[in-house]
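Chemist: I have a structure here, written as structure tokens, and I will follow up with some questions on it.
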Amino acid sequence: MTHPEGVPLRPAATVVLVRPAATVVLVRPGADGLEVLLTHRPATMAFAPDMHVFPGGRVDAADGDPILAARSVVSAEAAAARLGGDLPPAMALAAHVAAIREAFEEVGVLLADHAPGVDVVEARTRLLADPGVFPAIADSLDLRLRTDLLVPLSRWVTPRWMPRRFDTRFFAAAFPSGAAVSLVGDEVVAQAWHRPLDALESMAAGGLGMWLPTSTTLMQLVHAESIEDIRARLSPGRLGEVVVEDVAADVVRIEMPAGGGVAGQPVNAYLVGRSELVLVDPGDPTGEALDRASEVARARGGRIMAIALTHADPDHAAGAEAIAEPLGIPVLVGPGGGRHLPYETREVRDGEMVELGDVPLRVVATPGPRPDHLAFIVGEGSAVLAGDLDGVRGARSIVGPPDEAAWARSVAVLRSVAPDAHWLPGHPAR
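The opening position of the sequence shown corresponds to residue 1 in the working numbering, with each subsequent residue numbered one higher.
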């Protein structure tokens with residue numbers, strides 16, 4: 001594992017303030033499918049230098065101004081519900097407003113209704129000079145902020161080991177008809193439209209530099225066909241609680257409520273072992289669930305020795321780096337599973353014994369849900385961590401079409417090699 005180039009690990013005793021932020025993923029139909037807008041940050045930036053990102057930034061105090069709230073199509077209460085219910089209404093609405101402001105600042109796209117002939121270019125110039133004037137701009141131009149056009153996607157909390165931390169709400173929005181991208185200011189040096197898969201392949205080949213929230217969002221959008229498709233599959237639901245329970249000998253289930261950062265799409269992570277533990281499928285990157293996994297390990301007098309992924313879909317993999325990086329432990333994936341992950345992984349193969357913890361895991365290749373899908377037989381075979389092989393149980397994240405024939409063969413293989421095992425699924429029953 002290596003931390004992002006140019007970003008030093010902060011000292012362990014340092015307390016870093018977590019600031020609220022918002023990001024907007026602008027999408028449009030392209031000749032070969034849905035395209036997303038990526039901007040390129042200058043190498044001189046203090047945060048995410050030389051990275052390719054979506055437009056966004058921190059939520060400013062002015063984003064919560066009552067003038068802007070009054071001009072929002074979405075109410076504060078509705079904004080809170082749209083984000084899963086874990087933010088006070090005023091803060092939730094401020095995140096929506098910040099997404100609109102940042103898109104206007106960084107790429108010149110204004111998601112707001114206004115009268116014909118309004119000089120939005122001059123307004124943007126004022127905004128770039130002082131983001132705090134957005135309420136005055138909205139009032140003077142009689143803007144109607146189209147917060148209803150923002151489709152909430154996910155939440156990402158910068159890991160504790162980073163020198164700057166943000167609690168970021170990701171939104172998607174359709175690129176307005178007739179709009180044009182305009183780069184002004186010092187936060188963006190270039191922009192380009194990409195199909196999500198093309199951008200991921202460029203990253204894998206050493207081209208586009210990305211951090212995990214960006215690459216994960218692209219993975220979630222690879223098979224999306226429209227903004228309506230994104231809204232149907234990825235809009236957050238009500239955020240649940242973190243649940244911890246013993247489910248088998250030497251196996252603890254940690255129900256993480258926001259797989260892939262999407263509230264209401266829970267995933268089961270598992271801690272396997274007695275004192276030297278392997279954490280399987282930590283898919284929630286929002287912080288609280290990952291903290292609970294670490295707390296459970298410490299409470300049992302143990303330590304996490306490795307991360308293992310049944311597959312690299314975001315709802316199973318999104319929290320892996322946040323735990324693995326500061327501990328300096330490996331992330332184990334199936335063949336090809338690490339291709340679209342922006343950090344180092346180690347591939348394991350069918351039949352391999354993972355003995356990094358004090359309870360071994362036997363790897364069984366189980367393609368079908370994904371080509372890289374694995375199952376892990378625990379110890380002598382009393383339990384098996386089945387990932388999505390047992391079904392996704394209501395999770396709605398956009399993933400690739402499964403190979404149904406391979407899936408059926410994998411189920412048969414797993415039942416033959418572990419006939420008496422208790423199957424532990426990748427998602428809780430809903």
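Glycine is no exception: its CB is placed at the ideal position from the N, C-alpha and C atoms.
#1: May I have the straight-line CA-CA distance separating residue 240 from residue 263, to the nearest angstrom?
#2: Say yes only if the C-beta of residue 45 is nearer than 7 Å to one or more non-hydrogen atoms of the ligand FAD, and no if none qualify.
#3: Distance check for residue 126 and residue 133, CA to CA, integer angstroms please.
#4: DSSP three-state call for residue 187: helix, strand or coil?
#5: Assuming residue 254 is part of the beta strand (DSSP E), what are its boundary residues?
#6: Who does residue 275 pair with in a DSSP beta bridge?
#7: What whole-angstrom Cβ distance do residue 452 and residue 326 have, given they're in contact under 8 Å?
#8: Closer than 6 Å by C-beta to residue 42: which residues in its own chain qualify, once you throw out the five before and the five after it? Chain order, please.
#9: Within its chain, find whatever has a CB closer than 6 Å to the CB of residue 300; leave out the 5 residues flanking it on each side and keep chain order.
#10: So the alpha helix (DSSP H) residue 204 belongs to, where does it begin and stop?
#11: According to the Cβ coordinates, are residue 322 and residue 341 closer than 8 Å?
#12: Could you say which of 303, 357, 199, 119 lies nearest to residue 143 if we only look at CA atoms?
#13: DSSP on residue 355, reduced to helix/strand/coil?
#14: What residue range does the beta strand (DSSP E) around residue 168 cover?
#15: Can you name the start and end residues of the beta strand (DSSP E) that residue 154 belongs to?
#16: For residue 208, does the three-state DSSP call read helix, strand or coil?
#17: Exposed or buried, which one is residue 245 when buried takes at least 16 other CB atoms within 10 Å?
#18: Can we say the region 100-109 touches the region 81-92, given the rule of at least three CB pairs closer than 8 Å?
Modeler: In terms of the structure at hand:
#1: What you label residue 240 is simply residue 240 of the sequence shown in a count that begins at 1. What you label residue 263 is simply residue 263 of the sequence shown in a count that begins at 1. CA-to-CA, the gap between residue 240 and residue 263 works out to about 8 Å.
#2: Annotation note on the ligand FAD: not contained in the displayed structure, which lists no ligands.
#3: Here residue 133 refers to the residue found at position 133 of the sequence shown. Here residue 126 refers to the residue found at position 126 of the sequence shown. Between residue 133 and residue 126, the alpha-carbon positions lie close to 7 Å from each other.
#4: Position 187 of the sequence shown, counted from the first residue, corresponds to residue 187. Here residue 187 sits in coil by DSSP.
#5: Taking the first residue of the sequence shown as position 1, residue 254 is located at position 254. Boundaries of the beta strand (DSSP E) harbouring residue 254: 251-256, taken from the DSSP string.
#6: In the sequence shown, residue 275 corresponds to position 275, counting from 1. Residue pairing by DSSP places residue 275 in no beta bridge whatsoever.
#7: The structure shown does not extend to residue 452, since the chain is modelled only from 1 to 430, so the question has no answer here.
#8: Taking the first residue of the sequence shown as 1, we reach residue 42 at position 42. If we look at residue 42 and ignore the five residues flanking it on each side, its Cβ neighbours are 189.
#9: As a working note, residue 300 is residue 300 in the sequence shown. Hits under 6 Å: none found.
#10: The residue labelled residue 204 in the question sits at position 204 within the sequence shown. Membership of residue 204 in the alpha helix (DSSP H) is indicated by the continuous run 196-204.
#11: Numbered from its first residue, the sequence shown carries residue 322 at position 322. Numbered from its first residue, the sequence shown carries residue 341 at position 341. Residue 341 is positioned such that its CB atom lies no closer than 8 Å to that of residue 322.
#12: Start at 1 with the first residue of the sequence shown, and residue 143 comes out as number 143. Taking only the C-alpha atoms, the option nearest residue 143 is 119.
#13: Translated into positions along the sequence shown, residue 355 becomes position 355. Coil.
#14: Residue numbering aside, residue 168 sits at position 168 when the sequence shown is read from its first letter. Per DSSP, residue 168 is one residue of the beta strand (DSSP E) stretching across 165-174.
#15: As a first step, residue 154 must be located in the sequence shown, where it is residue number 154. Residues 151-157.
#16: One-based indexing of the sequence shown puts residue 208 at position 208. Collapsing the DSSP output to three states places residue 208 in coil.
#17: Looking up residue 245 in the sequence shown gives position 245. When all chains shown are included, residue 245 counts as exposed.
#18: Not touching, per the Cβ criterion.
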